[in-house]
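Enquirer: Next up is a structure, given as structure tokens.
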Amino acid sequence: MKRLIPLTFLLLLLGGMAMAQSKINWMTFEEAAAKTQENPKMVFVDVYTDWCGWCKKMDKETFTDPKVVAYINENFYAVKMNAENTKRKFMFRGKEYTEATMAATMRVRSYPNFIIMDATMENITQYPGYRQPEPFLTGLTGILDKFGK
Numbered sequence: 049m050k051r052l053i054p055l056t057f058l059l060l061l062l063g064g065m066a067m068a069q070s071k072i073n074w075m076t077f078e079e080a081a082a083k084t085q086e087n088p089k090m091v092f093v094d095v096y097t098d099w100c101g102w103c104k105k106m107d108k109e110t111f112t113d114p115k116v117v118a119y120i121n122e123n124f125y126a127v128k129m130n131a132e133n134t135k136r137k138f139m140f141r142g143k144e145y146t147e148a149t150m151a152a153t154m155r156v157r158s159y160p161n162f163i164i165m166d167a168t169m170e171n172i173t174q175y176p177g178y179r180q181p182e183p184f185l186t187g188l189t190g191i192l193d194k195f196g197k
């Protein structure tokens, strides 16, 4: 019985560590901009709207897949951006934006849409539309292979 308690504790600890990686580390646009200055890394921006059914499906099915979570967390700073949010303001490169004006600046016109930015916060490409986990990973891997880290 005495050996069972430390084993149970260890299993709970390991389970908690696994749960820590079970979610994408979403941040705001300005948080990603600050992070990439400290430690350069590509930026993945999920541009969505509250009414978009396919966006909700991505959140529920694709962005909870353990392989997708691990891949995005390892290779990108991940940003969630509501393309219709006109209230939250932030500064980027000396200009004030809302999430809506930033999405428009990025020329996002359909949802869901994913903007891939390099470590200097320059847009590389758009990756629009709903995708299941495996095709989504294949596409992201192709983008990273093409544009490098």
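Counting with my numbering, you get residues 49 to 197 for the letters of the sequence shown.
Quick reminder that beta carbons are idealized off the backbone N, C-alpha and C, glycines included.
#1: Counting only the same chain and skipping the five closest in sequence on each side, list residues whose C-beta sits under 6 Å from that of W102.
#2: Among the candidates F195, E79, Q174, A82, whose CA atom is the shortest distance from the CA of D94?
#3: In the DSSP assignment, what residue or residues form a beta bridge with N171?
#4: Span of the alpha helix (DSSP H) holding K115?
#5: Which of helix, strand or coil does DSSP assign to K89?
#6: Classify F184 as helix, strand or coil using the three-state DSSP reduction.
#7: Just how far apart, CA to CA, sit A131 and T186?
#8: Is K71 helix, strand or coil by DSSP?
#9: With contact counted as at least three CB pairs below 8 Å, one residue from each stretch, are the segment 145-162 and the segment 116-126 in contact?
#10: Measuring CB to CB, does N171 end up less than 8 Å from A148?
#11: Do you know how far the Cα of T168 is from the Cα of Q85?
Expert: Working from what's here:
#1: To locate residue 102, count along the sequence shown from 1; it is residue 54. Closer than 6 Å at the Cβ level, and outside the excluded window around W102, lie P160, Y178.
#2: Mapped onto the sequence shown, residue 94 falls at position 46. Checked all of F195, E79, Q174, A82; the closest Cα to D94 is Q174.
#3: Taking the first residue of the sequence shown as position 1, residue 171 is located at position 123. In DSSP, N171 forms a bridge with M165.
#4: Sequence index remark: in the sequence shown, residue 115 carries index 67 (1-based). Residues 114-123.
#5: Residue mapping note: residue 89 aligns to position 41 of the sequence shown, counting from 1. If DSSP states are grouped into helix, strand and coil, K89 belongs with coil.
#6: The residue given as residue 184 occupies position 136 in the sequence shown. DSSP places F184 in helix when its eight states are reduced to three.
#7: For the purposes of this step, residue 131 is taken as the residue at position 83 of the sequence shown. For the purposes of this step, residue 186 is taken as the residue at position 138 of the sequence shown. Using only the alpha carbons, I get a separation of about 26 Å.
#8: Here residue 71 is taken as the residue at index 23 of the sequence shown, counted from 1. It is coil, neither helix nor strand.
#9: no
#10: Here the question's residue 171 lines up with position 123 in the sequence shown. Here the question's residue 148 lines up with position 100 in the sequence shown. No.
#11: Residue mapping note: residue 85 aligns to position 37 of the sequence shown, counting from 1. Residue mapping note: residue 168 aligns to position 120 of the sequence shown, counting from 1. Cα to Cα, Q85 sits roughly 8 Å from T168.
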